[in-house]
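So the mapping is simple: the numbering used here equals the position in the sequence shown, first residue as 1, plus 258.
Here is the structure we will look at.
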Amino acid sequence: MAKLQKSVVLLKPDALQRGLVGEIITRFEKKGLKLMGLKMMNLTDELLDDWYAHHKEKPFFGDLKKFMMSAPIIAMLWEGLEAVSTVRKLCGVTKGYEAEGGSIRGDFSISGQLNIIHASDSIETALKEEGLIFDKDEVFDYDKGEYLWVYSVEERD
Ligand code: CMP
């Protein structure tokens, strides 16, 4: 496959509380992405320090961690062609009130912090995030028959 990538997605506590989990998973499935891992979990202070290390100095860091620990999250690993940028486009820009209609944040969020979803911002970050969330036996590779109708022959090879 040409540029097959993986992206880690977190459905944040607001997505779970607002009953948006199924709707969001459906969007990724319909796009043609392949689900390789899925788990519900409580994030810890320690994991979030690592996850959001680049936000450590931001004034909202403490509140962000509290929000992310306020209810369980749903973590997912999605694979596809250019998956990192593809998934981020489906999510929309960070702040719900700026995100375009049609994107997940644009349709379901009007907040800067309660923005429903997280998606890896690079291939390197995706690898780090996969390691932080998923054990090796929680990642599943399998043939997806649908690929015949999702990708061209060139893209599949
Ligand atoms: P995300 O981009 O997934 O990762 C960092 C998160 O920090 C972001 O989503 C928001 O949930 C949160 N965030 C970003 N900017 C702000 C802000 N200005 N105030 C509060 N929370 C923010």
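Where is the CB? At the ideal position from N, CA and C, for every residue including glycine.
Residue burial is scored here from C-beta neighbours: Met326 has at least 16 other C-beta atoms within 10 angstroms and is therefore classed as buried. Secondary structure at Val266: strand, using DSSP grouped into helix, strand and coil.
With fewer than 16 neighbouring CB atoms inside 10 Å of its own CB, Lys324 falls in the exposed class. Our two residues, Ile391 and Trp309, have alpha carbons roughly 10 Å apart in a direct line.
Secondary structure remark: continuous beta strand (DSSP E) runs of at least 3 residues inside the segment 320-383, in chain order: 331-339, 375-377. In the three-state reduction of the DSSP assignment, Lys402 falls in the coil class, being assigned neither a helical nor a strand state. In the displayed model, Lys292 falls within a strand according to three-state DSSP. The Cβ atoms of Ala384 and Lys264 sit closer than 7 Å to each other. Of all alpha-carbon atoms in Glu396, Ile332, Tyr400, the one lying nearest the alpha-carbon of Asn300 is that of Ile332. Inclusion of Gln371 in the 6 Å shell around the ligand CMP follows from its C-beta lying nearer than that to a non-hydrogen atom of the ligand. Taking the CA atoms as reference points, Glu358 sits about 5 Å from Gly364. In the three-state reduction of the DSSP assignment, Lys297 falls in the strand class. Across the structure, Glu315 and Asp307 are spaced so that their CA atoms are roughly 11 Å apart.
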